[in-house]
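K.L.:
Residue numbers for the first sequence, in our numbering: 2 to 265. Dumping the structure here so I can ask a few things about it.
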Amino acid sequence: MPEGHTLHRLARSHRERFAGRVVRVSSPQGRFAAGAALVDGRLLDDVTAYGKHLFAWFGDRVVHGHLGLYGKFTSGVGAAPPPRGALRMRWETDDAWTDLRGATACEVLSPDEVELIVARLGPDPLVARPDGGPAFDRLHRSRVAVGALLMDQRVIAGIGNVYRAEVLYRQLLSPFRQGRDVTAAEWEPLWTDVVTAMRAGLRSGRIVTTRPEDRPRRSGRVRQEDAHYVYRREGLPCRRCGTPVSRQVMATRNLFWCRTCQAR
DNA sequence: GCAAAATGTCAAG
DNA sequence: TTGACCTTTTGCA
C-alpha cells in the first residue's frame, strides 16, 4: 500500500491522535518487546515522515517504522480490541489505539541514527519546499535507466512503483533512457510532475494520475480502473494511442509503459 | 477456498 | 540474485 503520500498521511493522523500524550507501547507478538519497553509510558512529542519512513519522537528515543510491502497500521478510538495474530506494535491512550503489523522495520533509534537514515535519502517531494536539485545531480551522472533511478530512494525519497510508471507516462518519457541522457529541460517538468502527483495523493489518500479528459467518465468519483494510465494495465489499450500497454520487470518491480507514447 | 501477487527493503551468498 | 518478511487483495476453480 505505501508510497510516500501514505506515510505522510499516517504521520499526520498519528500526530493528531497521539502527539502531546503519554502513550502505552507494547508488542504482543514479542518481536518488538525490547524496543517497546524503551518508550512505553513516555510522552510522544511528534510523528513525522520522510520518504517512506515514519518517525515517532519520544524525547531522545525515536520509533522508526517502515511498512515495506505488507506493513499496515490499523487504528481506532476507545479501548483497543484483544490482540490477534502477529501484532508487532500497539500504541494505546485512554481514547485511541493503533496496531502495526507486517512492517519491514520497527525499531528504536537515537536522533543521530534518524539523521543517518534521512541523509542517505534523496529529496522528498512531499516536504514543504521540495528541491529536486540533488535528485537531478544523481540522475544525470548515472548510466542506469531512468525507470530504475526513480525507484531508487537515494535519488527521490517516497516514490514507488505506481508513481514511477505514471509520471514517466505523463511526461511521455521512455523508462529505458539512461539517467545521464535526461536533459535539464526534461528533468524540470518531470520533477514538477512528481511533486504535483504526489501532493494530489497526499490530499486525497489515493493515487489518481489520469487527467479528467482522459477518463471515460469525467465527473463523479474516479473509478479504480480509470485511475491510472499504465500501472497494472498490461495488454489494455493506451488511453492516448491505443497500443497495448507493456510490462517488464525493472528494478525488481513490474514496470508498465506504452512503447509508442514513451518511445522518446 | 486456495494460490498468487501486491504500492518495499535488506541480508545472505 | 534469491529468500525472507508474513498481510491483504485478487483471481481462478
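Backbone N, C-alpha and C define an ideal beta-carbon position, used for all residues, glycine too.
1) Compute the distance between the beta-carbons of Y164 and E4, then report whether it is under 8 Å.
2) Report buried or exposed for K53, applying the criterion of at least 16 other Cβ atoms within 10 angstroms of its Cβ.
3) As an exercise, report each continuous beta strand (DSSP E) stretch of at least 3 residues that is fully enclosed by the segment 101 to 139, in chain order.
4) Please classify E93: does DSSP put it in a helix, a strand, or coil?
5) Are there 16 or more other CB atoms within 10 angstroms of the CB of Y71, so buried, or fewer, so exposed?
6) For the alpha helix (DSSP H) containing F59, list its first residue and its last residue.
7) Residue range of the alpha helix (DSSP H) that V156 falls in?
8) What runs of the alpha helix (DSSP H), each 4 residues or longer, lie entirely inside the segment 208 to 242?
9) Answer yes or no: do F33 and R89 have a C-beta to C-beta separation smaller than 8 Å?
10) So, with DSSP's three-state summary, where would you put V196?
P.N.:
So, from the listed chains and residues:
1) A contact, by the Cβ cut-off of 8 Å.
2) The residue is buried, with at least 16 neighbouring Cβ atoms inside 10 Å.
3) Qualifying beta strand (DSSP E) stretches, in chain order: 106 to 110.
4) Judged by DSSP in its simplified three-state form, E93 adopts strand.
5) Residue environment analysis places Y71 among the exposed positions, since fewer than 16 neighbouring C-beta atoms fall within 10 angstroms of its C-beta.
6) Segment H54 to F59 is the beta strand (DSSP E) holding F59; no alpha helix (DSSP H) there.
7) For V156, there is no enclosing alpha helix (DSSP H), as DSSP gives it neither H nor E.
8) None, since the segment 208 to 242 contains no complete alpha helix (DSSP H) of that length.
9) One thing to note: F33 has its Cβ within 8 Å of the Cβ of R89.
10) The DSSP-derived three-state label of V196 is helix.
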